[in-house]
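Colleague: Submitted below is the structure of interest, expressed as C-alpha cells.
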Amino acid sequence: MSDFPGWHGTTIVGVRKGGQVVVAGDGQVSLGQTVIKGTARKVRRLSPGGFDVVAGFAGSTADAFTLLERLEAKLTATPGQLARASVELAKDWRTDKYLQKLEAMLIVTDGTDLLIITGAGDVLEPEHDVAAIGSGGNYALAAARALMDGDLTAEEVARRSMAIAADICVYTNGSLTVETIAPRG
Numbered sequence: 004m005s006d007f008p009g010w011h012g013t014t015i016v017g018v019r020k021g022g023q024v025v026v027a028g029d030g031q032v033s034l035g036q037t038v039i040k041g042t043a044r045k046v047r048r049l050s051p052g053g054f055d056v057v058a059g060f061a062g063s064t065a066d067a068f069t070l071l072e073r074l075e076a077k078l079t080a081t082p083g084q085l086a087r088a089s090v091e092l093a094k095d096w097r098t099d100k101y102l103q104k105l106e107a108m109l110i111v112t113d114g115t116d117l118l119i120i121t122g123a124g125d126v127l128e129p130e131h132d133v134a135a136i137g138s139g140g141n142y143a144l145a146a147a148r149a150l151m152d153g154d155l156t157a158e159e160v161a162r163r164s165m166a167i168a169a170d171i172c173v174y175t176n177g178s179l180t181v182e183t184i185a186p187r188g
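For this note's numbering, add 3 to where a residue sits in the sequence shown, where the first one is 1.
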C-alpha cells in the first residue's frame, strides 16, 4: 500500500489577543492531489461539566475524535484545569500502545490557556500568543505573528492569517470554522 496517496489538509490557528482567544480552521480534506471535501469542521467547542473549551485538530479525523473524547474525560475528572487535563492526555497518548498510533495534533483553549498537544507527549504553550498546526500551520503562524502588532482583533488576525495560508498552501482553503472564547471569570 505504499503507493496509496496520503491524506493531507487542515490548517488550524489559535490567537490570543485583547482578552479573547480565537481558534480558526479551514475545511479542506485532500487525498493525494484530490480535494475530497472542502467544508469539514475541524474546530469544535467542548463543554465537559459546563466548562467551555475550544479545540482544533489536524490529522486523521477519527484519531482526532478519539483524542477529543479522551480530553473531555480528562476535563471531567479535573474540572477547570485545562493544562492538567492536557498533560494527562499527553502522558496517555505517549505511553498507551493504542493511542501511540494516533496521527493528529490538537490546539486547545479555555480562553486563558492556549496549548498545543502532540503525540510525542508535548503540551506546549506557544510564544507570542499564536499557535498553529497542520499543513499550512507555518504559513498561518508567520502571518498571525506579523499581524499581532496592529489594531486587529484576535478574530481578524486569525481570519487574515488563514487567508494568507490558503493562498500559499494547496492543502488549505478559505472555508473557515471560527470559535471565540473569553477567559473564565
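The beta-carbon is built from N, C-alpha and C at its ideal position, and this holds for glycine as well. Given the structure is predicted, the values throughout are model-derived calculations rather than measurements.
1. Taking the C-alpha atoms as reference points, what is the distance between Cys130 and Ala27?
2. What are the start and end residues of each continuous alpha helix (DSSP H) run of 4 or more residues lying completely inside the stretch 19 to 52, in chain order?
3. Take the Cβ of Ala88 as the centre, count every other Cβ of all protein chains shown within 10 Å, and call the residue buried at 16 or more, exposed below.
4. CB-CB under 6 Å to Pro172, same chain, minus the five flanking residues each way: which ones, in chain order?
5. Inspect the beta-carbon positions of Phe54 and Ala107 and report whether they are closer than 7 Å.
6. When you compare only the Cα positions, how much space is there between Phe7 and Gly114?
7. Among the residues of its own chain, which have a CB less than 7 Å from the CB of Ala166, if the five just before and after it don't count?
8. Can you tell which of Asp66, Ala135, Ala157 and Thr175 has its C-alpha closest to the C-alpha of Ala185?
9. Curious, which full-length beta strand (DSSP E) runs of at least 3 residues does the stretch 124 to 155 contain?
10. So Val133 packs on Ala147, CB below 8 Å; how close in whole Å?
11. Below 8 Å, can you find three or more Cβ-Cβ pairs linking the stretch 40 to 56 to the stretch 91 to 100?
12. Does the beta-carbon of Ile39 have 16 or more other beta-carbons within 10 angstroms, so that it is buried, or is it exposed?
13. In angstroms, rounded to a whole number, what distance separates the CA positions of Ala80 and Gly22?
14. Straight-line CA distance for Arg162 to Lys104?
15. For Ala58, report the span of its beta strand (DSSP E) as first-last.
16. Where Met4 and Ala135 are concerned, what is the direct C-alpha to C-alpha distance, given to the nearest angstrom?
17. According to DSSP, simplified to helix, strand and coil, what is Leu118?
18. Between the beta-carbon of Gly30 and the beta-carbon of Ala43, is there less than 7 Å?
Modeller: Let me spell this out:
1. One point to set straight first is that residue 130 is Glu, not Cys, in the sequence displayed. Taking the straight line from one Cα to the other gives about 18 Å.
2. Listed in chain order, nothing qualifies, since the stretch 19 to 52 has no complete alpha helix (DSSP H) run of 4 or more residues.
3. buried
4. Inspection of the sequence shows that residue 172 is occupied by Cys rather than by Pro. The answer, listed in chain order, is Ser138, Gly139 and Tyr142.
5. no
6. With a pLDDT of 42 at Phe7, under the threshold of 50, the modelled position of this residue cannot be trusted; read the value that follows with caution. Roughly 40 Å separates the two Cα atoms.
7. Gly177
8. Considering only alpha carbons, the answer is Ala157.
9. 133 to 137
10. At roughly 4 Å, the Cβ-Cβ gap stays under 8 Å, so Val133 and Ala147 are in contact.
11. Inter-segment contact for the stretch 40 to 56 and the stretch 91 to 100 is absent: fewer than three beta-carbon pairs are separated by less than 8 Å.
12. exposed
13. 27 Å
14. 32 Å
15. Going by DSSP, Ala58 is part of the beta strand (DSSP E) stretching over Val56 to Gly62.
16. Caution applies to Met4, whose pLDDT of 37 falls short of 50 and renders its modelled position unreliable; the value that the coordinates give is listed next. C-alpha separation (whole angstroms): 31 Å.
17. strand
18. In contact: Gly30 and Ala43 (Cβ atoms closer than 7 Å).
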